[in-house]
Every structure is written in structure tokens, then in C-alpha cells.
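Trainee:
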Amino acid sequence: MAVEPGDLRTCLGHFATGVTVITCDEGEQVHGLTVNSFTAVSLSPPLVLVSIDRRAKALDKLRSNRFTVNVLSSEQAAHAQHFAGRPDAALDLGWEEGPLGGRLRNCLAYVGCSPWRDYDGGDHVLFLGLVEQIEWCPSKPLLFYRGGFGSLSTFDEIERPLWESDATPGWMNAGGLVVPQLEP
Numbered sequence: 049m050a051v052e053p054g055d056l057r058t059c060l061g062h063f064a065t066g067v068t069v070i071t072c073d074e075g076e077q078v079h080g081l082t083v084n085s086f087t088a089v090s091l092s093p094p095l096v097l098v099s100i101d102r103r104a105k106a107l108d109k110l111r112s113n114r115f116t117v118n119v120l121s122s123e124q125a126a127h128a129q130h131f132a133g134r135p136d137a138a139l140d141l142g143w144e145e146g147p148l149g150g151r152l153r154n155c156l157a158y159v160g161c162s163p164w165r166d167y168d169g170g171d172h173v174l175f176l177g178l179v180e181q182i183e184w185c186p187s188k189p190l191l192f193y194r195g196g197f198g199s200l201s202t203f204d205e206i207e208r209p210l211w212e213s214d215a216t217p218g219w220m221n222a223g224g225l226v227v228p229q230l231e232p
């Protein structure tokens, strides 16, 4: 049985993701596009992956170019819409110069990358970036779930990351929940 693209999109939409805007410079111009397919790949060397639709106008601008992953805060849904092709002329984008080029102001985190590799991903291109610069601040992330934007409400205050848990070995304490930890 073949999986229909629309059904696959609906199913995968049940996986909540963060929302990013990938920015890169081309001469004096900064270009950006909204991406929710962003993930960590490796800690050593430090690599991240972004998946870009082949039809995206910014695709060729990313090839062999440094880029910044701007992780959007819960206050930046309008930015996500703008860079997803629904521009709002009244929106103050708030550009600033980051260590690796132009980026959006007031984001939750920044991951500055130089190009590592790119791969065929069907109707997408998978870009691996070598992480050269990182910044973050305490705020809430913008989330994308089932075609809409939202923010965290369950974990308003996370005192420390799960990997720093002092829970019973083999278990992780997730904000008051005890979750079994998979064996390596």
C-alpha cells in the first residue's frame, strides 16, 4: 500500500517541533526561510541538519554558504509566517549582525554554521552545518503542531536538563514525571 503525501504530512504533523528561521548572507542582503526540520546530528564534530524544500527560493543561497539557525521564541509566530511566504509589511523583522552574518533579533537560540555537506533528500535537500557559534537565552520556544503554532505550557520551569538528572539510575525525571531511560 502506497502512502499518500497528504496523509504522510498529516501523520507527521502530530510530531511537535520547534520552529526556526534559517538565515544566510548574499552580499549585502540577508535571506531567510522558515524551517521546522532541524535536528542535532553530532556532538563531535558539532553538526546540525536542516531540511529544505527543493522549491524554496533560498535553496541556492544556502549551497556552500554559512548560515544561522534562528530558534524562534513563542513571541515570534509572525516571523515564522513571514519567512514561510506570508509576508507582513508591518512586521519589524529586527535584523542584527551576528558572528556569522545577519540574524533575527530576540530569538530563543542561535546556531551559527559553516557548510559541511549537503545530500539529496527526495523533494528536499539535507544540509549539514558545522556548528561554529552558539547562543541561547531563557525563554519559551515557538512550537509547530498539526499545522499551527503554540508554546509550552506543561514545562513552565525546567530547572535542569534531563541529562543532568539525579533520579534513580536507568530513569530520568522529566519535570515531575518519571520516564524510563533506554539502555545504550
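Numbers 49 to 232, taken from the working numbering, label the letters of the sequence shown in order. Idealized CB from N, CA, C, for every residue including glycine.
Span of the alpha helix (DSSP H) holding Ala126?
Mentor: As a working note, residue 126 is residue 78 in the sequence shown. Segment Ala125 to Phe131, the alpha helix (DSSP H) holding Ala126.
Trainee: Beta-carbon within less than 6 Å of Ala106's beta-carbon, same chain only, minus the 5 sequence neighbours each way: which residues are those?
Mentor: On the sequence shown, residue 106 is found 58 positions in, with the first residue counted as 1. So the qualifying residues of the chain are His79 and Leu81.
Trainee: What residue range is occupied by the uninterrupted alpha helix (DSSP H) comprising Gly177?
Mentor: Here the question's residue 177 lines up with position 129 in the sequence shown. Per DSSP, Gly177 belongs to no alpha helix (DSSP H); it is in the beta strand (DSSP E), His172 to Trp184.
Trainee: Could you please give me the residues that DSSP links to His62 through a beta bridge?
Mentor: Taking the sequence shown and counting its residues from 1, one reaches residue 62 at position 14. DSSP lists no partner for His62.
Trainee: Check the Cβ-Cβ distances between Leu176 and every residue of chain D, and say whether any is below 8 Å.
Mentor: The displayed structure is made up of one protein chain only, and chain D is not part of it.
Trainee: Buried or exposed, going by whether 16 or more other CB atoms sit within 10 Å of the CB of Leu110?
Mentor: Indexing the sequence shown from 1 puts residue 110 at position 62. Buried, by the Cβ-count rule.
Trainee: Measuring CA to CA, which of Gln129, Gln124 and Val119 is closest to Leu156?
Mentor: By 1-based counting over the sequence shown, the position of residue 156 is 108. Selected option, being the one with the closest Cα: Val119.
Trainee: Touch check for the region 189–197 and the region 170–178: three-plus C-beta pairs under 8 Å?
Mentor: Verdict: no, contact absent.
Trainee: Would you mind listing the alpha helix (DSSP H) stretches within the region 49–98 that are 4+ residues and don't spill past its ends, in chain order?
Mentor: Within the region 49–98, the complete alpha helix (DSSP H) runs of at least 4 residues are 53–60.
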